[in-house]
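Everything below concerns the one structure shown next.
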Amino acid sequence: MTTTEHHESAAHEGLGPRQYVTIFAILTVVTVIELWLSYSDIGGLLIPLLILLSAFKFVVVVAYFMHLRFEPRILNRLFAGGFVLATLVLFALISLFWNDITHPLG
Amino acid sequence: MATAAGTLPQYGTHTGLWSWITTVDHKRIGTMYLVTSFSFFILGGIEALLIRSQLAVPDGNVIDAELYNQLFSMHALTMIFLAVMPMAAAFFNWMIPLMIGARDVAFPRMNALSYWLYLFGALLLTSSFFFTAPNSGWFAYAPLTTLQYGPSQAMDFYVVGLLILGISSVAASLNFAVTIINMRAPGMTMMRLPVFVWMTLIIAFLLFLALPPLTVGLIQLLFDRNFTTHFFIPDGGGDPILWQHLFWVFGHPEVYILILPPMGIISEVIPTFSRKPLFGYSAMVFAGIAIGFMSWAVWSHHMFTTGLNPIPRAIFAANTMLIGVPTGIKIFNWLGTMYGGNIRFNTAMLFAVSFIPLFTIGGISGVMHSSPPIDGQHQDTYFIVAHLHYVLVAGAVMGMFSGLYYWFPKMTGRFLNETLGKWNFWLMFAGVNLTFFPMHFLGLAGMPRRIYTYADGMDWGFWNAVATIGAFTLALGVLFFIINVFASLRKEPTASDNPWDAPTLEWATSSPPPEHDFDVVPPVRARDPLWYDRDHGIARPEPTDEHIHMPPPSYYPILLAAGVLMLGLGPLSSLAVTALGVPVILYAIWGWALEPTH
Amino acid sequence: MAAEAHAAPVHHATSTGTDNRKLLMWLFLASECLFFGSLIASFLVFKARMVLPPFPHAREIDSSLLAGLPEVIQEQCAHVVSDTLVECHGILDIPVTSASTFVLLGSSLAMVLAVYGAQHSRPGMMKAWLLITALLGLTFLGFQVYEFRTFGSEGLNLSTNQFGASFFVLTGFHGTHVGVGVVYLLSLLAASFRRNGLGPEAGFHVETAGLYWHFVDIVWIVIFTVLYLIPS
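Protein chains in written order, with my numbering: chain A, 13 to 118; chain B, 508 to 1105; chain C, 59 to 290.
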């Protein structure tokens, strides 16, 4: 047994198969809600709601299935940094194109 | 003192070609990076000299237009991807583990893999000269890269070469990020890291985060050329501007990837030869981090003339001006370090000091272009050529030479000759200014970039002639360096452990270091640890008789790199080669994973 | 202190306390965020500008645009709305893709159970769930092959329009990642049948593979929402 493993098994002692199944059930329910939303006619709320729900799923998988919640803060920050940067670049790129009223320079 | 290090028996010391092919020692890999990147630096220099010969007089006819296009494109690709970046990687390999007090990088075999991928990618890209070399600039704007306007395989070489080099860089940067975060000697806290190590950490993050957008752009280009998509082809609904965005999302952080390592180097050289600790260490570190962050929000300043909305244009312009602030902080800190110091002007210091004003010239002309109207005037003129070469040649290359003179004794145990060094420096100093300063005038006089010749009546002849003379002066300076290296290597090794009385850990072991770097990993008690120990009379700990385990050599890295090369050769030859590459890769990875490392 | 993959289990003292290999995997995943982020951004850029069918979701277009398009595509726009407008049906099959989404989600559950088995010295549990994870991954790939073939038969390929190009490249690269993951998991499974199994660090190796697998799953969570659920 290495020190790493001691550290890790101590870190997520709380999570066992039962909790994992519960988390999976939550993810399933949220996905079903997403599907239901996409078929229902709720207008302008749809896109923000869908983004919110899938972000929730994203965070749950990262935090519990990938154990990031139980890892040292440095891992959290490093991965979150990359993810936030990716999101910002993605939004910047899209907004540059979607508002593409090209003006002459000057 | 000098004999204390290196007295333990060396494990796994081998000689011969096979030992280089299978080595996982960061110092040997660093040496291979250095020799390879310097060779490509020479090649890129020859390309530049051909360009300058062609432009020396109006209506020049040294080379034709098609070859000219290939030469200026390959000059940029060679210098950026095959010379300056890997030369920085050579210094990372050699110095980072030593400076943080580690015995190797976190993943020695992955380190070897990065080198072999770099070598294979570089050879692949350069071999395009036997067919048609990439000829649409290093940024490869669509539609020049489409099948319609670029029917030769030049752009396929570009795509595949850069993809392989990209994998190499991502692997190397991940490796160095982990090494710096996780492999520090006891007492080496983050805020005691030498500034060079900090700059390496920052560019490691920039590399593995900025390369994916380029990778996506390259993949889309590959599909456009080989698999009938229209990502960048307007006829099919595509958008050439998308390529520009993806390219510059990578391309601007890339600029800092090129310049931060030399900034780190001179942040080591200037304190050592001023015999004073670096002025404003924390400001230096945070300025580097600020540059790293801000480099993500300036990319569109390369694209002002493509037309942007007023608001994003204002944001990108403002950010481009702001990024000058942390850069300015660095410049004042170097000046503050020298102020009141007991300065030794040897060659390493001369190169480092010259970096400051020369880089400032390039930096200030950069801030000029943050203003969109001015940028519109200068776009695609020689003014931009002057700007970028002041940053990359007068800045980055001069900084690299400073590092070469500074660390040569550590790498080889021998000093570079100072007389030849002074010739080397002054010729290069005169050369860069003669070459690139006149380009400001040419640009303002309206001379466009990338033209293979110009008419007599344009009145551009005089400054072009001066620039060409400058380029050959620069080349002569580099020649002095090569002579210096060969002459110095023939001398007896005379360098002590710490010949410069430098403050950082790489000088706490023999010159050159033993394979295991340190007989005893030195405890770190302060920033500038060797000066602290010197001033407090703390002797280096005696080596104990413990067995130091070093990873054994492995041939899987080169095999895996060969598999990746085969994967990449597919689009250039037949997809069967790609298919053959997959089992090679799988075999190499499985062998790698199951190989015993102790 | 030669911390290399499979280093001797004596040295794990790193500066941050986190194992080098785990740190490497997380940094690699951060890098992958930008890779998929750029692919998704490209998709969205073109999504706003789609002119010609096939479309991902139902949409009305000017009937004159249909002229010259292959018959198989024209058939998708058979619903006449008015003199000048026709409605094209969306080519994405949400129910089928929902099924494959649940398959991938289920594989994530199987993966954490394999990690649990590996970390709690239950090799039987680990092997069984590793196999199930890989099989679910293969099932997902099967769905993808089916989807690609169906689209092909409906006239959508890489060159048809920008939707086709950016859809196939984005989901294709995601599928490639799933495929690599399947090979990764099956390799671990094969290695676990050796005499020493996966060695003293079995839990660690399976956990690292799990990080990769879950990441591929969360990328799909984003793709499913952005491509499939959000209408034109």
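By construction, the Cβ of each residue, glycine as well, lies at the ideal position given by its N, Cα and C atoms.
Since we're looking at a predicted model, the values are computed, not measured.
Excluding five sequence neighbours on each side, which residues of the same chain lie with their C-beta closer than 6 Å to the C-beta of C:D275?
To locate residue 275 of chain C, count along the third sequence from 1; it is residue 217. Cβ within range, chain order: L162, S166.
Have a look at C:P114 and C:G213 and give me their C-alpha separation to the nearest angstrom.
Counting from one through the third sequence, the residue named residue 114 of chain C turns up at place 56. Counting from one through the third sequence, the residue named residue 213 of chain C turns up at place 155. Each residue's Cα considered, the two are about 13 Å apart.
Would DSSP call A:A23 helix, strand or coil?
By one-based count along the first sequence, residue 23 of chain A stands at place 11. The pLDDT assigned to A:A23 is 46, lower than 50, so where the model puts this residue is not dependable; a value taken from the coordinates is nonetheless given after this. In this structure, A:A23 counts as helix in the three-state DSSP scheme.
Please confirm if B:P741 has its CB atom under 7 Å from at least one CB of chain A.
Locating residue 741 of chain B in the second sequence gives position 234, where the first residue counts as 1. Cβ-Cβ to chain A under 7 Å: no for B:P741.
For a minimum of 4 consecutive residues, which ranges assigned as the alpha helix (DSSP H) are wholly contained in the segment 729-788 of chain B?
747-781
Return the residues of the segment 204-231 of chain C that lie within a Cβ-Cβ distance of less than 7 Å from chain B, sorted by chain order.
L216, S217, N219, Q220, A223, V227
For the candidate residues B:P1000, B:F852, B:F862, whose alpha-carbon lies nearest to that of B:I838?
The residue given as residue 838 of chain B occupies position 331 in the second sequence. The option with the nearest alpha carbon to B:I838 is B:F862.
Taking 7 Å as the CB-CB limit, is A:H18 close to chain C?
Residue 18 of chain A sits at position 6 when you count from the first residue of the first sequence. Since pLDDT at A:H18 reaches only 44, below the 50 mark, its modelled position is unreliable, and the value read off the structure follows with that caveat. Taking Cβ atoms only, chain C never reaches closer than 7 Å to A:H18, which makes this a no.
Based on DSSP bridge pairs, tell me the residues matched to C:E145.
For the purposes of this step, residue 145 of chain C is taken as residue 87 along the third sequence, with counting starting at 1. DSSP lists C:E118, C:H137 as partners of C:E145.
So, helix, strand or coil for B:T529, using DSSP?
Here residue 529 of chain B is taken as the residue at index 22 of the second sequence, counted from 1. Correct three-state label for B:T529: coil.
Whose C-beta lies closer than 6 Å to the C-beta of B:L562 among residues of the same chain, with five residues either side of it excluded?
Indexing the second sequence from 1 puts residue 562 of chain B at position 55. Cβ neighbours of B:L562 beyond the five flanking positions: N971.
I want to verify the contact list: residues of chain B whose CB lies under 7 Å from the CB of C:T74, in sequence order.
Here residue 74 of chain C refers to the residue found at position 16 when the third sequence is read from its first residue. Neighbours of C:T74 on chain B, chain order: I688, N689.
Status (buried if at least 16 other CB within 10 Å, exposed otherwise) for B:K998
On the second sequence, position 491 is the one that residue 998 of chain B refers to. Its Cβ having fewer than 16 others within 10 Å, B:K998 is exposed.
Is the separation between the beta-carbon of B:P693 and that of B:P1050 shorter than 7 Å?
Position 186 of the second sequence holds residue 693 of chain B. Position 543 of the second sequence holds residue 1050 of chain B. In this structure, B:P1050 does not lie closer than 7 Å to B:P693 by Cβ.
Residue(s) in a DSSP beta bridge with B:P955
Walking along the second sequence from the start, residue 955 of chain B turns up at place 448. Paired residue(s): B:T888.
Spatially closest choice to B:I871 from B:H896, B:N853, B:H737, B:I850, by CA coordinates:
Here residue 871 of chain B refers to the residue found at position 364 when the second sequence is read from its first residue. Minimum Cα distance to B:I871 is reached at B:H896.
Could you name the residues that DSSP lists as bridge partners for C:F113?
Locating residue 113 of chain C in the third sequence gives position 55, counting from the first residue. For C:F113, which the question treats as bridged, DSSP gives the partners C:G148.
is_contact[B:P819, chain A] using C-beta, thresh 7 Å:
Along the second sequence, read from residue 1 onward, the residue named residue 819 of chain B stands at position 312. Chain A, which has a Cβ nearer than 7 Å to the Cβ of B:P819, makes this yes.
Leaving out five residues on either side along the sequence, give the residues of the same chain with a beta carbon under 6 Å from the beta carbon of C:Q202.
One-based indexing of the third sequence puts residue 202 of chain C at position 144. So the list reads G233, once near-sequence residues are dropped.
Segment contact, 8 Å Cβ cut-off, at least three pairs: the segment 1088-1105 of chain B with the segment 651-663 of chain B
no
DSSP three-state assignment for C:V277, whether helix, strand or coil:
Along the third sequence, read from residue 1 onward, the residue named residue 277 of chain C stands at position 219. If DSSP states are grouped into helix, strand and coil, C:V277 belongs with the helices.
Cross-chain neighbours of A:G56 in chain C, by beta carbon under 7 Å
Start at 1 with the first residue of the first sequence, and residue 56 of chain A comes out as number 44. The contacting residues do not exist; A:G56 stays about 12 Å from chain C at best.
Proximity winner among B:L631, B:I674, B:G920, relative to B:Q660 (alpha-carbon distances)
Position 153 of the second sequence, counting from 1, holds the residue named residue 660 of chain B. Comparing Cα positions, the closest option is B:L631.
Look at the Cβ atom of C:T74, then the Cβ atom of B:N682, and state whether they are nearer than 7 Å.
Position 16 of the third sequence, counting from 1, holds the residue named residue 74 of chain C. Position 175 of the second sequence, counting from 1, holds the residue named residue 682 of chain B. Result no, Cβ atoms of C:T74 and B:N682 do not sit closer than 7 Å.
Residues of chain B with a CB under 7 Å from the CB of C:F86: which are they?
Residue numbering aside, residue 86 of chain C sits at position 28 when the third sequence is read from its first letter. In chain order: L681.
Quick check on the burial criterion: 16 or more other C-beta atoms within 10 angstroms. Buried or exposed for B:R559?
Taking the second sequence and counting its residues from 1, one reaches residue 559 of chain B at position 52. The residue in question, B:R559, is buried, as its Cβ has 16 or more Cβ neighbours within 10 Å.
Return the first residue and the last residue of the alpha helix (DSSP H) that C:K80 is part of.
The residue you call residue 80 of chain C lines up with position 22 of the third sequence. Segment 78-105, the alpha helix (DSSP H) holding C:K80.
Report yes if the CB atom of B:I1092 is closer than 7 Å to the CB atom of B:I528, and no otherwise.
As a working mapping, residue 1092 of chain B is identified with position 585 in the second sequence. As a working mapping, residue 528 of chain B is identified with position 21 in the second sequence. With contacts defined by Cβ atoms closer than 7 Å, B:I1092 and B:I528 do not form a contacting pair.
Along the alpha helix (DSSP H) that carries B:A1069, what are the first and last residues, could you check?
In the second sequence, residue 1069 of chain B corresponds to position 562, counting from 1. Element bounds for B:A1069: 1063-1076.
Under 9 Å Cβ-Cβ, which residues of chain C neighbour A:T99?
Within the first sequence, residue 99 of chain A is the residue found at index 87, counting from 1. Within chain C, the residues near A:T99 are C91, G95.
Among B:V666, B:M965, B:A596, B:G795, which one has its Cα closest to the Cα of B:R732?
Mapped onto the second sequence, residue 732 of chain B falls at position 225. Nearest C-alpha to B:R732: B:V666.
Collapsed DSSP secondary structure at B:W1007 in the structure displayed
The count along the second sequence starts at 1 and reaches residue 1007 of chain B at position 500. It is coil, neither helix nor strand.
Compare the beta carbon distance of B:G745 and B:F738 with 7 Å and say whether it is the shorter of the two.
Within the second sequence, residue 745 of chain B is the residue found at index 238, counting from 1. Within the second sequence, residue 738 of chain B is the residue found at index 231, counting from 1. A contact, by the Cβ cut-off of 7 Å.
Going along the chain, which residues of the segment 744-763 of chain B sit with their C-beta nearer than 7 Å to a C-beta in chain A?
Those residues of the segment 744-763 of chain B that come within reach of chain A (Cβ to Cβ, closer than 7 Å) are H752, V756.
Please classify C:H137: is it buried, with 16 or more other beta-carbons within 10 angstroms of its beta-carbon, or exposed?
What you label residue 137 of chain C is simply residue 79 of the third sequence in a count that begins at 1. A residue is called buried when at least 16 other Cβ atoms come within 10 angstroms of its Cβ; C:H137 does not meet this threshold and is exposed.
Give the secondary structure of C:S73 by DSSP, where H, G and I count as helix, E and B as strand, and everything else as coil.
Your numbering for residue 73 of chain C matches position 15 in the third sequence. DSSP places C:S73 in coil when its eight states are reduced to three.
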